[in-house]
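**Student:** Below: one structure in structure tokens.
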Amino acid sequence: MSSNATTRTEAAPDPLASDLIGSGVEGGIGDQVAAWWQRVRGGDMGALPAIGGLVVLFVLFSALSPFFLTERNFANLLNQAATLVVLGMALVFVLLLGEIDLSAGVTGGVGMALFVVLNAQFGIPWPLALLIGFGFGFLTGAFIGFFVARVGIPSFVVTLGLFLGFQGLALVVIGPGGLFRLEVPELIALQNGNLPVWGGWVMLAIMLAISAGTSFWDRARRTRAGVPNRALSLVWIKLAVIAVIGGVVVYVLNQNRGQSVVEVAGVPIVVPVVLAILWIGTFVLDRTKFGRYVYAIGGNAEAARRSGVKVRWIKWWAFVICSSLAVFSALLSVARVGSVDATVGRDIVLSGVAAAVVGGVSLFGGKGRLMHAAIGALVIATITNGLGLLNLPAGINLLVTGGVLILAATVDALSRVRAGGART
């Protein structure tokens, strides 16, 4: 490694170094590319297959349908994907531990059922009713975490029981065949409103500022700790990529996609909301002790326990975060359709698991990122969107999605064997 490719300090590492997360290889562009290629050859491909699949799907559907790459459909695709993206990111917190939450979808559904019934039937102000709905998600996560971490019941069994039971609870809350309309304009706008044209550019500027600030903050911390830094050029390259891709997306979404005299333009409001959740969740997993402990437990729970990690508390909080985010995912779903019934969240949880796995999150724990789940959700949403434009039966959509999931799980399993893991 050349001396000009890596920035070092003469000071000895201090305790701050233990709070830093690196890639395992620091240095210049050549060092990073070589390290990345070595990981890929070793079977750790991350989100690379999902990104490749997303590119193929965009090319395929744009060739098969003249409507796929239109501004209107692109905005619609982002709205469609938002619910699944948030649910997929929620499930990452438990999948990284090697656990699973089959009840996440119906937990969100019951939370939204409580919210709309309390608001519509009992006249409780919608902010308080919504807070109660999120409180239900928090308590559900705490309940799951207690039985998984403290009692020792497998998460599959606990969450399967809740998956079945909460379907009945939703029927009790709303009533068989019942349906309540969402009458809160502020919440409806989450999935049906758009930022002003200038708002998209402000959003992009904020993204660049936050990304730059985080990157330089990390570099300063590593310098103070006497830990090697990557070349500064990598920061500028990352910012340039965000600027170019983000600029193209904002420009496209700012075009008029209305079909009448009323102009419809601007970035959907849900986009910055989902990006904010993605950034906060990534910060928690990458730059806090909680996040490092999550990865440590997923890699080897017993070794983490022997190192002093409070495994039970970490698992407890992971399920709390998952269930709480699942309620927010259900809120986006309800905001999109404009109503709540007893079936909300019943069918989406398996798609959420599929999104995470397709994106590169390991079912065995210890590997994956929130961004991977977001990319996987975009893959699944693109399949649904594209096949819908082609007017193919819903059964074809399920077949294709199932095949993609099996392929992704196979890649995950083979990559672990290639990386030296045991095949069980």
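Residue numbers (my numbering): 696 to 1119.
All C-beta atoms in this analysis are idealised placements derived from N, C-alpha and C, irrespective of residue type, glycine included.
(1) Which residue from 1014, 1092, 765 and 1063 puts its Cα closest to that of residue 849?
(2) By how many angstroms is the C-alpha of residue 1001 removed from the C-alpha of residue 892?
(3) Starting from residue 875, follow the beta strand (DSSP E) in both directions and report where the run begins and ends.
(4) Exposed or buried, what is residue 831 when buried is set at 16 or more other beta-carbons lying within 10 Å of its beta-carbon?
(5) I need the DSSP call for residue 1035, collapsed to helix, strand or coil.
(6) Where does the unbroken alpha helix (DSSP H) through residue 918 begin, and where does it stop?
(7) Please find out if some non-hydrogen atom of the ligand FAD comes closer than 7 Å to the beta-carbon of residue 1010.
(8) How about residue 1060 and residue 747: are their beta carbons less than 8 Å apart?
(9) Hey, quick one: how far does the alpha helix (DSSP H) through residue 823 stretch, first residue to last?
(10) Touch check for the stretch 792-809 and the stretch 1016-1035: three-plus C-beta pairs under 8 Å?
(11) Could you pull the start and end residues of the alpha helix (DSSP H) that residue 967 belongs to?
(12) Since I believe residue 948 is in contact with residue 855 (beta carbons under 8 Å), could you give me their beta-carbon distance rounded to a whole number of angstroms?
(13) If I measure Cβ to Cβ from residue 1047 and keep anything under 6 Å in the same chain, skipping five residues before and after, which residues do I get?
(14) If we ignore side chains and look at the alpha-carbon of each, how far apart do residue 889 and residue 879 end up?
(15) Using CA coordinates, which residue listed in 870, 971 and 829 is at the minimum distance from residue 898?
(16) Counting along the chain, where does the alpha helix (DSSP H) carrying residue 926 start and finish?
(17) Answer yes if the stretch 765-776 comes into contact with the stretch 946-961, meaning at least three C-beta pairs across the two stretches below 8 Å, and no otherwise.
(18) Kindly indicate which three-state DSSP category residue 949 falls into: helix, strand or coil?
(19) Just checking, does the stretch 1080-1094 make contact with the stretch 752-763 on the three C-beta pairs under 8 Å criterion?
(20) Name the DSSP beta bridge partners of residue 889, please?
(21) Taking Cβ to Cβ, would you say residue 745 is nearer than 8 Å to residue 1074?
(22) Tell me whether residue 1003 sits in a helix, a strand or coil according to DSSP, three-state version.
(23) What's the C-alpha gap between residue 807 and residue 956?
(24) Please work out which residues of its chain come closer than 7 Å, Cβ to Cβ, to residue 821, disregarding the five sequence neighbours upstream and downstream, and give them in chain order.
(25) For residue 784, which three-state DSSP category applies?
(26) Going by alpha carbons, who is nearest to residue 1064 out of 1029, 1049, 976 and 1009?
(27) If residue 877 sits next to residue 1039, beta carbons under 8 Å apart, how far is it from one beta carbon to the other, in whole angstroms?
(28) Once the 5 residues before and after residue 1004 are set aside, which same chain residues still bring their CB inside 8 Å of it?
(29) Who are the Cβ neighbours of residue 1031 in its own chain at under 6 Å, not counting the five residues just before and after it?
(30) In whole angstroms, what is the alpha-carbon distance linking residue 924 and residue 930?
(31) Could you check if residue 984 is buried or exposed, using at least 16 other CB atoms within 10 Å of its CB as the buried criterion?
(32) Can you give me the Cβ contacts of residue 741 inside the same chain, cut-off strictly under 6 Å, excluding the 5 residues immediately before and after it?
(33) Whose C-beta lies closer than 6 Å to the C-beta of residue 718 among residues of the same chain, with five residues either side of it excluded?
(34) Going straight from the alpha carbon of residue 1098 to that of residue 823, what length do you get?
(35) With distances taken from CA atoms, which of 826, 986, 927 and 905 is nearest residue 727?
**Tutor:** Put simply:
(1) 1014
(2) 54 Å
(3) 874-876
(4) buried
(5) strand
(6) 892-920
(7) Inclusion of the ligand FAD in the displayed structure is not the case, the ligand content being empty and no account of it being possible.
(8) no
(9) 821-840
(10) yes
(11) 965-982
(12) At roughly 40 Å, the Cβ-Cβ gap does not stay under 8 Å, so residue 855 and residue 948 are not in contact.
(13) 782, 783 and 786
(14) 16 Å
(15) 971
(16) Counting along the chain, residue 926 falls outside any alpha helix (DSSP H), and DSSP gives it neither H nor E.
(17) yes
(18) coil
(19) yes
(20) 963
(21) yes
(22) coil
(23) 35 Å
(24) 814 and 879
(25) helix
(26) 976
(27) Not really, about 11 Å apart at Cβ, beyond 8 Å.
(28) 988, 991 and 992
(29) 886
(30) 11 Å
(31) exposed
(32) 1055
(33) Confidence in residue 718 is poor, its pLDDT being 44 and thus under 50, which makes the residue's placement too unreliable to answer from.
(34) 43 Å
(35) 927
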